[in-house]
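Asks: Every letter in the sequence shown is one number past the one before it in the UniProt record's numbering, and letter 248, counting from 1, is 248. Backbone N, C-alpha and C fix where the C-beta goes; we use that ideal spot for every residue, glycine too. Just so you know, these numbers come straight off a predicted model, no measurement behind them.
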Amino acid sequence: MNLSWITPAERVQKLPPYVFARLDELKAKAREQGLDLIDLGMGNPDGPTPQPVVEAAIAALQNPANHGYPPFEGTASFRKAITQWYNRRYGVVLDPDSEALPLLGSKEGLAHLAIAYINPGDTVLVPSPSYPVHFRGPIIAGGVIHNLILKAENNWLIDLAAIPDEVARKAKILYFNYPSNPTAATAPREFFEEIVAFARKYEILLVHDLCYAELAFDGYQPTSLLEIPGAKDIGVEFHTLSKTYNMAGWRVGFVVGNSHVIQGLRTLKTNLDYGIFSALQTAAETALQLSDTYLHEVQQRYRTRRDFLIDGLGQLGWKIPKTEATMYLWIKCPEGMNSTDFALHVLQQTGVVLTPGNAFGVGGEGYVRISLIAECDRLGKALQRFKEAGIHYQMEAIVSA
1 MNLSWITPAE RVQKLPPYVF ARLDELKAKA REQGLDLIDL GMGNPDGPTP
51 QPVVEAAIAA LQNPANHGYP PFEGTASFRK AITQWYNRRY GVVLDPDSEA
101 LPLLGSKEGL AHLAIAYINP GDTVLVPSPS YPVHFRGPII AGGVIHNLIL
151 KAENNWLIDL AAIPDEVARK AKILYFNYPS NPTAATAPRE FFEEIVAFAR
201 KYEILLVHDL CYAELAFDGY QPTSLLEIPG AKDIGVEFHT LSKTYNMAGW
251 RVGFVVGNSH VIQGLRTLKT NLDYGIFSAL QTAAETALQL SDTYLHEVQQ
301 RYRTRRDFLI DGLGQLGWKI PKTEATMYLW IKCPEGMNST DFALHVLQQT
351 GVVLTPGNAF GVGGEGYVRI SLIAECDRLG KALQRFKEAG IHYQMEAIVS
401 A
């Protein structure tokens, strides 16, 4: 039967094309052609989940008590582990019963928060470039996005002074993310103090995505929003186990902060899902309790890859400052090429997958993101393919054989 008369809701039709889905199509075609892809596109960690976490999951799987529906609000022991982790890392005291909520990955929570709190027509402040769900969630909820264009000359920080007063007064929520995906930018504590003061002045809910809290290098320690006095009055913070603990496929994250906001999100989620499988929550507790020895190994792995790739790209003309955090490099496209054209050119010429910057919003145009998700031997092959294809950076244009 032809269902041409049934169309997706306007909220779906308004969504911009999802570049990652298009990338998957192009990668599939390239593989069909026998191309050996080096995929540096998605932020998908390539390491194994720590063995103690796997073993904890296996033991929990074998316990029949975990085979029924989990509590909507997550298990009490996992919520306690979350708050203990926050206290240990940041000195932040949280109530596990009202100020912490487990999620099916942070992406789900970030999107559902928008649905829980944004009415059609509400103004939402979103940095551009940013992680796509930061603007896609509000679009689905019917919000009006006001892009805060980030600039290299301002170290990719939000320029709060540039937000018009009339826009700030209308705004309901401000999403932000430091250390940043995709730019790898970091923000000093002073910035967090300024954004809390800004939000309190204009009565804006702050939604901070601290996804890369522990992927930091060279002594740098990312700031938690909740470290700032008064932040819990007007903010919540999201975190995920995907990156630090190589648990991307496990879909475990959490949100902490203002109890009123968390209660609204909890109410929505009780109508949409049954929470995280209890065995996975047990495994997640184990992850949060791992010693810093594991963390230092992860940091060293990404630091080594960062240094290797920055050096190699430098020999091809890209001058990239050393990033202090995340698993990404954010590099400028050659003059005369937009993000999509450059990423497609690189894929077709070399089999190396990069993410076009415009996947992260209009502010990402002119850049591509490289994920540090391969060992140095594969990164070396990627650089060699660039060299053999004649791809390097110069201000005027791309040079390609």
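For residue 364 and residue 182, which I take to be in contact (beta-carbon distance under 8 Å), what is that distance rounded to the nearest angstrom?
Replies: The residue you call residue 364 lines up with position 364 of the sequence shown. The residue you call residue 182 lines up with position 182 of the sequence shown. About 7 Å; that satisfies the 8 Å criterion.
Asks: Any chance the segment 262–269 sits against the segment 94–108, with 3 or more Cβ pairs inside 8 Å?
Replies: Because the criterion of three Cβ pairs below 8 Å is met, the segment 262–269 and the segment 94–108 touch.
Asks: Using a Cβ-Cβ cutoff of less than 7 Å, which residues in the same chain neighbour residue 240 once the five nearest sequence positions on both sides are dropped?
Replies: As a working note, residue 240 is residue 240 in the sequence shown. Same-chain partners within the cutoff: 105, 106, 211 and 253.
Asks: Do residue 352 and residue 37 count as a contact pair if the criterion is CB distance below 9 Å?
Replies: Within the sequence shown, residue 37 is the residue found at index 37, counting from 1. Within the sequence shown, residue 352 is the residue found at index 352, counting from 1. Result yes, Cβ atoms of residue 37 and residue 352 sit closer than 9 Å.
Asks: Have a look at the DSSP bridge pairing and note the partners of residue 124.
Replies: Here residue 124 refers to the residue found at position 124 when the sequence shown is read from its first residue. Answer by DSSP bridge pairing, in chain order: 145 and 173.
Asks: Give the list of continuous alpha helix (DSSP H) stretches no shorter than 4 residues that lie fully inside the segment 86–133.
Replies: Along the segment 86–133, the alpha helix (DSSP H) occurs as fully enclosed runs of 4 or more residues at 106–117, listed in sequence order.
Asks: Classify residue 347 as buried or exposed, calling it buried when 16 or more other Cβ atoms lie within 10 Å of its own Cβ.
Replies: By one-based count along the sequence shown, residue 347 stands at place 347. Its Cβ being crowded by 16 or more others within 10 Å, residue 347 is buried.
Asks: Quick check on residue 78: does DSSP put it in helix, strand or coil?
Replies: In the sequence shown, the residue the question calls residue 78 occupies position 78. Helix.
Asks: Buried or exposed, going by whether 16 or more other CB atoms sit within 10 Å of the CB of residue 58?
Replies: As a working mapping, residue 58 is identified with position 58 in the sequence shown. Its Cβ having fewer than 16 others within 10 Å, residue 58 is exposed.
Asks: Taking the C-alpha atoms as reference points, what is the distance between residue 376 and residue 308?
Replies: In the sequence shown, the residue the question calls residue 376 occupies position 376. In the sequence shown, the residue the question calls residue 308 occupies position 308. So the two alpha carbons sit approximately 7 Å from each other.
Asks: What is the DSSP secondary structure of residue 239, counted as helix, strand or coil?
Replies: Start at 1 with the first residue of the sequence shown, and residue 239 comes out as number 239. In the structure shown, residue 239 sits in a strand (DSSP, three-state: E or B).
Asks: Check whether the Cβ atoms of residue 111 and residue 126 lie closer than 9 Å to each other.
Replies: Taking the sequence shown and counting its residues from 1, one reaches residue 111 at position 111. Taking the sequence shown and counting its residues from 1, one reaches residue 126 at position 126. In terms of Cβ geometry, residue 111 and residue 126 do not form a close pair [threshold 9 Å].
Asks: Only counting runs of 4 or more residues, tell me where the alpha helix (DSSP H) segments fall wholly within the segment 236–280, in order along the chain.
Replies: Annotation note: the segment 236–280 contains the following uninterrupted alpha helix (DSSP H) runs of length 4 or greater, listed N- to C-terminal: 259–270.
Asks: Return the residue from the list 290, 60 and 61 that minimises the CA-CA distance to residue 84.
Replies: One-based indexing of the sequence shown puts residue 84 at position 84. Out of 290, 60 and 61, 290 has the C-alpha closest to the C-alpha of residue 84.
Asks: Is the segment 134–154 touching the segment 170–180, taking contact as three or more C-beta pairs under 8 Å?
Replies: yes
Asks: Just confirm the distance between the C-beta atoms of residue 302 and residue 206, as a whole number of angstroms; I'd bet it's less than 8 Å.
Replies: Indexing the sequence shown from 1 puts residue 302 at position 302. Indexing the sequence shown from 1 puts residue 206 at position 206. Not a contact, Cβ separation roughly 27 Å.
Asks: Identify the residues that DSSP records as bridge partners of residue 329: which are they?
Replies: Translated into the one-based positions of the sequence shown, residue 329 becomes position 329. Beta-bridge pairing links residue 329 to 370.
Asks: I'd like to confirm the pairing. Which residues does DSSP put opposite residue 67 in its beta bridges?
Replies: For the purposes of this step, residue 67 is taken as the residue at position 67 of the sequence shown. Looking at the DSSP assignment, residue 67 forms no beta bridge with any residue, so it has no partner.
Asks: Would you check if there are 3 or more beta carbon pairs closer than 8 Å linking the segment 8–15 to the segment 266–280?
Replies: no
Asks: So, using beta-carbon positions, are residue 404 and residue 163 closer together than 9 Å?
Replies: Look at the range of the chain in this structure, 1 to 401, and you will see that residue 404 is not part of it.
Asks: Roughly how many angstroms lie between the CA atoms of residue 403 and residue 158, to the nearest whole one?
Replies: In the structure displayed, the chain extends from 1 to 401; residue 403 sits before or after that span and is not available.
Asks: Leaving out the 5 sequence neighbours to the left and right, which residues in its chain are closer than 7 Å to residue 361 when beta-carbon positions are compared?
Replies: As a working mapping, residue 361 is identified with position 361 in the sequence shown. Here the set comprises 128, 129, 130, 135 and 147.
Asks: Can we say the segment 116–126 touches the segment 89–97, given the rule of at least three CB pairs closer than 8 Å?
Replies: no
Asks: Less than 9 Å separating the beta-carbons of residue 64 and residue 246?
Replies: One-based indexing of the sequence shown puts residue 64 at position 64. One-based indexing of the sequence shown puts residue 246 at position 246. Against a cut-off of 9 Å, the Cβ pair of residue 246 and residue 64 comes out as no contact.
Asks: Determine the DSSP secondary structure at residue 233, reduced to helix, strand or coil.
Replies: Residue numbering aside, residue 233 sits at position 233 when the sequence shown is read from its first letter. Reduced to three states, the DSSP call for residue 233 is helix.
Asks: Under the assumption that residue 109 contacts residue 277 (Cβ atoms under 8 Å), give the Cβ distance between them as a whole number of angstroms.
Replies: For the purposes of this step, residue 109 is taken as the residue at position 109 of the sequence shown. For the purposes of this step, residue 277 is taken as the residue at position 277 of the sequence shown. Not quite, the Cβ-Cβ distance comes to about 16 Å (not below 8 Å), so this is no contact.
Asks: Would you mind sorting residue 186 into buried or exposed? The rule is 16 or more other CB atoms within 10 Å of its CB.
Replies: Working through the sequence shown from its first residue, we reach residue 186 at position 186. Buried is the call here.
Asks: What would DSSP say about residue 38, mapped onto helix, strand or coil?
Replies: Within the sequence shown, numbered from 1, the residue matching residue 38 stands at position 38. In the three-state scheme derived from DSSP, where H, G and I count as helix and E and B as strand, residue 38 is classed as strand.
Asks: For residue 373, which residues of its own chain have a beta-carbon under 8 Å away from its beta-carbon, when the five flanking residues on both sides are left out?
Replies: Locating residue 373 in the sequence shown gives position 373, counting from the first residue. 39, 40, 42, 43, 44, 45, 46 and 327, listed in sequence order.
Asks: Which term fits residue 339, buried or exposed, when burial requires 16 or more other beta carbons within 10 angstroms of its beta carbon?
Replies: Start at 1 with the first residue of the sequence shown, and residue 339 comes out as number 339. Burial call: buried.
Asks: The alpha helix (DSSP H) with residue 345 in it runs from where to where?
Replies: The residue labelled residue 345 in the question sits at position 345 within the sequence shown. First-last of the alpha helix (DSSP H) with residue 345: 339–350.
Asks: Alpha carbon to alpha carbon, what distance is there between residue 343 and residue 224?
Replies: Here residue 224 refers to the residue found at position 224 when the sequence shown is read from its first residue. Here residue 343 refers to the residue found at position 343 when the sequence shown is read from its first residue. Taking the straight line from one Cα to the other gives about 33 Å.
Asks: If I follow the unbroken beta strand (DSSP E) through residue 392, where does it start and stop?
Replies: As a working note, residue 392 is residue 392 in the sequence shown. Where residue 392 is concerned, there is no enclosing beta strand (DSSP E), given that its DSSP letter is neither H nor E.
Asks: Taking the C-alpha atoms as reference points, what is the distance between residue 251 and residue 242?
Replies: In the sequence shown, counting from the first residue as 1, residue 251 sits at position 251. In the sequence shown, counting from the first residue as 1, residue 242 sits at position 242. Approximately 7 Å between the Cα atoms of the pair.
Asks: Give the C-beta separation of residue 217 and residue 324 to the nearest angstrom, bearing in mind that I take them to be a contact with Cβ-Cβ under 8 Å.
Replies: Your numbering for residue 217 matches position 217 in the sequence shown. Your numbering for residue 324 matches position 324 in the sequence shown. About 6 Å; that satisfies the 8 Å criterion.
Asks: Please state the DSSP three-state secondary structure of residue 356.
Replies: Taking the sequence shown and counting its residues from 1, the one referred to as residue 356 is at position 356. Of the three classes helix, strand and coil, the one that applies to residue 356 here is strand, per DSSP.
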